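Chemist:
Protein chains: 2
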Amino acid sequence: MSEPQPTGFSILNPFNHQPTPIPPVWLMRQAGRYLPEYRELRAKAGSFLDLCYSPEFATEVTLQPIRRFGFDAAILFSDILVVPHALGQHLEFVEGEGPRLDPLKSLDDIKALTPDKVEEKFRHVYEAVSSIRSALPEETALIGFCGAPWTVATYMVGGRGSVDQAVTRLFAYQNPQAFKQLIDLLVTTSVDYLLGQVKAGVNLLQIFDSWAGNLSDDEFLKWSIDPTRRIVREIKSQHPNLPIIGFPRGSGPGYETYLKATNVDGISCDTSLPLSYMRDHLSPLGTVQGNLDPLLLVTGGEALDRRVDEILETMSGKPFIFNLGHGIVPQTPPEHVARLVDRIRAAG
Amino acid sequence: MSEPQPTGFSILNPFNHQPTPIPPVWLMRQAGRYLPEYRELRAKAGSFLDLCYSPEFATEVTLQPIRRFGFDAAILFSDILVVPHALGQHLEFVEGEGPRLDPLKSLDDIKALTPDKVEEKFRHVYEAVSSIRSALPEETALIGFCGAPWTVATYMVGGRGSVDQAVTRLFAYQNPQAFKQLIDLLVTTSVDYLLGQVKAGVNLLQIFDSWAGNLSDDEFLKWSIDPTRRIVREIKSQHPNLPIIGFPRGSGPGYETYLKATNVDGISCDTSLPLSYMRDHLSPLGTVQGNLDPLLLVTGGEALDRRVDEILETMSGKPFIFNLGHGIVPQTPPEHVARLVDRIRAAG
Numbered sequence: 370m371s372e373p374q375p376t377g378f379s380i381l382n383p384f385n386h387q388p389t390p391i392p393p394v395w396l397m398r399q400a401g402r403y404l405p406e407y408r409e410l411r412a413k414a415g416s417f418l419d420l421c422y423s424p425e426f427a428t429e430v431t432l433q434p435i436r437r438f439g440f441d442a443a444i445l446f447s448d449i450l451v452v453p454h455a456l457g458q459h460l461e462f463v464e465g466e467g468p469r470l471d472p473l474k475s476l477d478d479i480k481a482l483t484p485d486k487v488e489e490k491f492r493h494v495y496e497a498v499s500s501i502r503s504a505l506p507e508e509t510a511l512i513g514f515c516g517a518p519w520t521v522a523t524y525m526v527g528g529r530g531s532v533d534q535a536v537t538r539l540f541a542y543q544n545p546q547a548f549k550q551l552i553d554l555l556v557t558t559s560v561d562y563l564l565g566q567v568k569a570g571v572n573l574l575q576i577f578d579s580w581a582g583n584l585s586d587d588e589f590l591k592w593s594i595d596p597t598r599r600i601v602r603e604i605k606s607q608h609p610n611l612p613i614i615g616f617p618r619g620s621g622p623g624y625e626t627y628l629k630a631t632n633v634d635g636i637s638c639d640t641s642l643p644l645s646y647m648r649d650h651l652s653p654l655g656t657v658q659g660n661l662d663p664l665l666l667v668t669g670g671e672a673l674d675r676r677v678d679e680i681l682e683t684m685s686g687k688p689f690i691f692n693l694g695h696g697i698v699p700q701t702p703p704e705h706v707a708r709l710v711d712r713i714r715a716a717g
Numbered sequence: 370m371s372e373p374q375p376t377g378f379s380i381l382n383p384f385n386h387q388p389t390p391i392p393p394v395w396l397m398r399q400a401g402r403y404l405p406e407y408r409e410l411r412a413k414a415g416s417f418l419d420l421c422y423s424p425e426f427a428t429e430v431t432l433q434p435i436r437r438f439g440f441d442a443a444i445l446f447s448d449i450l451v452v453p454h455a456l457g458q459h460l461e462f463v464e465g466e467g468p469r470l471d472p473l474k475s476l477d478d479i480k481a482l483t484p485d486k487v488e489e490k491f492r493h494v495y496e497a498v499s500s501i502r503s504a505l506p507e508e509t510a511l512i513g514f515c516g517a518p519w520t521v522a523t524y525m526v527g528g529r530g531s532v533d534q535a536v537t538r539l540f541a542y543q544n545p546q547a548f549k550q551l552i553d554l555l556v557t558t559s560v561d562y563l564l565g566q567v568k569a570g571v572n573l574l575q576i577f578d579s580w581a582g583n584l585s586d587d588e589f590l591k592w593s594i595d596p597t598r599r600i601v602r603e604i605k606s607q608h609p610n611l612p613i614i615g616f617p618r619g620s621g622p623g624y625e626t627y628l629k630a631t632n633v634d635g636i637s638c639d640t641s642l643p644l645s646y647m648r649d650h651l652s653p654l655g656t657v658q659g660n661l662d663p664l665l666l667v668t669g670g671e672a673l674d675r676r677v678d679e680i681l682e683t684m685s686g687k688p689f690i691f692n693l694g695h696g697i698v699p700q701t702p703p704e705h706v707a708r709l710v711d712r713i714r715a716a717g
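If you read the sequences in order, they're chains H and V. Number 573 in the numbering used here belongs to position 204 of the first sequence; there are no gaps in the numbering. Number 402 in the numbering used here belongs to position 33 of the second sequence; there are no gaps in the numbering.
1) Name the chain V residues that come within less than 8 Å of Val-394(H), Cβ to Cβ?
2) Just the chain V side, please: which residues come within less than 8 Å of Thr-701(H) by C-beta, in chain order?
3) In angstroms, rounded to a whole number, what distance separates the CA positions of Thr-557(V) and Ala-455(V)?
4) Excluding the 5 residues flanking Val-452(V) on each side, which residues of the same chain have their C-beta closer than 8 Å to its C-beta?
5) In terms of residues, what are the limits of the beta strand (DSSP E) holding Cys-515(H)?
6) What residue range is occupied by the uninterrupted alpha helix (DSSP H) comprising Leu-611(H)?
7) Jot down the residue ranges of each uninterrupted alpha helix (DSSP H) in the stretch 375-404 of chain H, minimum 4 residues, whole runs only, in chain order.
8) Does Asn-610(H) pass the burial test, meaning 16 or more other C-beta atoms within 10 Å, or should it be called exposed?
9) Would you give the residue range spanned by the alpha helix (DSSP H) that Pro-468(V) belongs to?
10) Can a CB atom of chain H be found closer than 7 Å to the CB of Pro-643(V)?
11) What does the alpha-carbon distance come out to for the pair Asn-382(V) and Thr-389(V)?
12) Is DSSP giving Val-571(H) helix, strand or coil here?
13) What are the boundary residues of the alpha helix (DSSP H) that Ser-500(V) is part of?
14) Residues of chain V with CB under 7 Å from Tyr-646(H), in chain order?
15) Beta-carbon within less than 6 Å of Gly-513(H)'s beta-carbon, same chain only, minus the 5 sequence neighbours each way: which residues are those?
16) What residues of chain V sit near Thr-668(H), judged by a beta carbon separation below 9 Å?
17) Would you call the stretch 522-533 of chain H in contact with the stretch 607-627 of chain H, where contact means no fewer than 3 C-beta pairs closer than 8 Å?
18) Apply the 10 Å Cβ neighbour rule to Gly-615(H) and answer buried if 16 or more other Cβ atoms are within range, or exposed otherwise.
19) Where does Gly-669(V) fall in DSSP's three states?
20) Check whether the stretch 406-419 of chain V and the stretch 481-497 of chain V are in contact - that is, three or more C-beta pairs closer than 8 Å.
21) Should Glu-704(V) be labelled buried (16 or more other beta-carbon atoms within 10 Å of its own) or exposed?
22) So that I know if they touch, is there some Cβ in chain H lying closer than 7 Å to that of Gly-696(V)?
23) Count the other C-beta atoms from every protein chain shown that fall within 10 angstroms of the C-beta of Pro-468(V), then say buried if there are 16 or more, exposed otherwise.
24) Should Leu-664(H) be flagged as near chain V, meaning a C-beta pair shorter than 7 Å?
25) Considering Ile-435(V), what are the terminal residues of the alpha helix (DSSP H) in which it resides?
26) Taking Val-532(H) as the query, report the chain V residues whose CB atoms sit under 7 Å from its CB, ordered along the chain.
27) Roughly how far, in whole angstroms, is the beta-carbon of Arg-402(V) from the beta-carbon of Pro-699(V), given that I think they are within contact range, below 8 Å?
28) Excluding the 5 residues preceding and the 5 following Arg-712(V) in the sequence, name in chain order all residues of the same chain whose CB lies nearer than 7 Å to its CB.
29) Could one say the Cβ of Gly-582(H) lies closer than 7 Å to chain V's Cβ atoms, at least one of them?
30) Which residues share a DSSP beta bridge with Phe-577(H)?
31) Using 7 Å as the limit for Cβ to Cβ distance, is Pro-373(H) near chain V?
32) Would DSSP call Leu-445(H) helix, strand or coil?
33) Could you spell out the range, first to last residue, of the alpha helix (DSSP H) harbouring Thr-640(V)?
34) Tell me, to the nearest whole angstrom, how far the beta carbon of Ser-593(V) is from that of Pro-617(V); I am working on the premise that it is less than 8 Å.
35) To be precise: take each residue of the stretch 557-591 of chain V, compare its Cβ to all Cβ atoms of chain H, and keep it if any distance is under 9 Å. Which residues remain?
36) Does the Cβ of Pro-375(H) have 16 or more other Cβ atoms within 10 Å, making it buried, or fewer, making it exposed?
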């Protein structure tokens, strides 16, 4: 895949080994509550889940940060839990608390899921993708995404987010066969979902494994790396040139194993990953994305500038996409985001 | 420090480069709620904090798991938050929720702490240490401990445990000078506290940096590694042969930097750290301790046996202490702990 692609998306350059004196930049959760125009629209709208299925809302909020900051990529406004919801699991988003699902407790619960009905839900997302792609500036890439099977399963089995995913990790130890059925179902469903997004117009993909960081090495291989590798293989068999970024958040030295074994083209690094590790261990294996602390975007000022410079200097000359180590937090002043983008662009 | 020590404690062997065909074993939270004899005693007693200052209670519960399982080391029954409490910060343990402190919000709050009064509280802990040391079998080592300044500070500034320590990380970005004063105070206080424990009879030390895992590399150096390095230097200046184990939980590739830079003798590994990383990157630098998933102790059976064997095989011939990657959880059946200890001892 070392051939340059005939495309105007600057974010594809690092994947094509083209020099990027100014690294492309986008930020996780760049569409969201820190933007007054998002809060305004959100206040008038229905439940969070309804919004994920509304092409009009999704298009408008996906475009908001592009208009303001001119990021090199937009990311589809959606949620990784669209997949369990499409599979028939009850899901709601409780204000200020996060998602709540009726947890899967047995093989029977897993068998009661409805893989044949997912397309009814997914088609709303595909519509949103087409609508966003037509509305975006030509030079702005559109990123599609899904949650990795492990991370999605932690919500499906645990019923909610948690510090240590203990409920799901224990379920996987105690019912490895049932859990494998769930993971296999999520692999198949995610492949269909991502292929649908590509068909509708996304230009690259990111797979979020936000809760990979508490797995022991053998469980990480089994539940994070292997399912992701299978998803990547299926997507690549139809779209060999479409870049895929993996994000095994918190997996430490496991990042290198993940990048080698899954065949993703790029790797999104969390804040705790040392810059020297990103440069020396990950960069030789693929495009590196990351990893500014989102709290420095709250802090702003010279502390922000200093760290941005440090990241840019360390990754200089490497295939690199500037991003955060985790999503933008709601209390972020938008002017700090503008300051960040200016500084990155001035550095070239 | 390559001279063998004239001591009967098997847990000191790895630090003295003596062969350990059967690795010494102890488990974090080995004294605790999973033991019926602990729950029985706990039900009759007062607040958790009172218990930490009761030499009688601390002695009894520290000994309980030694009687049952014959671990190679006991660990002082106490809590890392004794330090902020001794510094005058209001602290209570809310049943089922964890610790609650009146959070420090400014330099003035930090200046209002009472370092001159800590010994009033600490002497109860020292009494417990002496009492435990006299009651312990001769061949069982006693581990003293404290929280690392960063981790203790996350509770003092955040007021409670949290997934991402965002309150404290932001405070450190926004008020680096005030935060440094707090860290410096914790360094001094922790040194006094650990020296007091050693004087009272502990045989080795562990420094728990349980919340080190969300710091970026530069903040990790500043707030985790550097304060720990200073504590280790002070302890070593008086007790050059006393082993000190560090536990920078969740710091991934930062483990290696930490082990090199702090001069701890041993490193406690969390569950997510790959066994190959422990063997190839950490083992050459010091004694490795870890890292069985505590949830496998809940699961038991062959899944437990298989992983124990894998850990033993990987670390075979290396200076190694068998432990968990995190504390024992309350729902652990004690018979699984017995099975674990049997399997480790049979492997020699």
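Note that the Cβ used here is the ideal one computed from N, Cα and C, for glycine as well. Please read all numbers here as calculations on a predicted model, not as lab measurements.
Modeler: In short:
1) For Val-394(H), there are no C-beta contacts with chain V under 8 Å, since the nearest C-beta of that chain is about 18 Å from it.
2) None at all; the shortest Cβ gap to chain V is about 11 Å.
3) The alpha-carbon separation between Thr-557(V) and Ala-455(V) amounts to approximately 13 Å.
4) Taking Val-452(V) as the centre and dropping the five residues before and after it, the same chain places the C-beta of Val-487, Cys-515, Gly-516, Val-521, Leu-555, Thr-558, Ser-559, Tyr-562 closer than 8 Å to its C-beta, in chain order.
5) For Cys-515(H), the enclosing beta strand (DSSP E) stretches over residues 510-516.
6) Taken as a continuous stretch (DSSP letters only), Leu-611(H) belongs to no alpha helix (DSSP H), as it is neither H nor E.
7) Here no run is fully enclosed.
8) By the Cβ-count criterion, Asn-610(H) is exposed, with fewer than 16 other Cβ atoms from all chains shown falling within 10 Å of its own Cβ.
9) Segment 467-470 is the beta strand (DSSP E) holding Pro-468(V); no alpha helix (DSSP H) there.
10) Interface flag for Pro-643(V) against chain H is set, since a Cβ pair is found closer than 7 Å.
11) Roughly 7 Å between the two C-alpha positions.
12) Val-571(H) sits in coil when the DSSP states are folded into three classes, being neither helix nor strand.
13) Unbroken alpha helix (DSSP H) run through Ser-500(V): 487-504.
14) Those are Pro-622, listed as they occur along chain V.
15) Residues of the same chain with a CB within less than 6 Å of the CB of Gly-513(H), apart from the 5 flanking positions on each side, are Leu-445, Gln-566, Val-571, Leu-574 in chain order.
16) Annotation: Cβ neighbours of Thr-668(H) in chain V (cutoff 9 Å, chain order): Leu-539, Tyr-542, Gln-543.
17) With a cut-off of 8 Å, the stretch 607-627 of chain H and the stretch 522-533 of chain H do not count as touching, because too few Cβ pairs lie within range.
18) Gly-615(H) comes out buried.
19) Reduced to three states, the DSSP call for Gly-669(V) is coil.
20) Counting Cβ pairs under 8 Å, fewer than three are found: no touch.
21) Classification for Glu-704(V): exposed.
22) Answer no: the Cβ-Cβ gap between Gly-696(V) and chain H never drops below 7 Å.
23) Buried, since its Cβ has 16 or more Cβ neighbours within 10 Å.
24) Chain V has a Cβ within less than 7 Å of the Cβ of Leu-664(H).
25) Residues 424-438.
26) Per Cβ cutoff of 7 Å: Val-532.
27) In this structure Arg-402(V) touches Pro-699(V) by the C-beta definition: roughly 4 Å separates them, less than 8 Å.
28) Closer than 7 Å at the Cβ level, and outside the excluded window around Arg-712(V), lie Asp-674, Val-677.
29) It does: the Cβ of Gly-582(H) has a partner Cβ on chain V nearer than 7 Å.
30) For Phe-577(H), the beta-bridge partners assigned by DSSP are Gly-516(H), Phe-616(H).
31) Only weak support is given to the placement of Pro-373(H): the predicted model assigns it a pLDDT of 35, under 50, and the question is left unresolved by the model.
32) Coil.
33) Looking at the DSSP string, Thr-640(V) is not in any alpha helix (DSSP H), and its letter there is neither H nor E.
34) A Cβ-Cβ distance of about 6 Å is found for the pair Ser-593(V) and Pro-617(V), placing them in contact under the 8 Å criterion.
35) Only those residues of the stretch 557-591 of chain V whose C-beta falls short of 9 Å from the nearest C-beta of chain H are listed: Ala-581, Gly-582, Asn-583, Leu-584, Ser-585, Asp-586, Asp-587, Glu-588, Phe-589.
36) Annotation note: pLDDT 39 at Pro-375(H) (below 50); position unreliable, no value reported.
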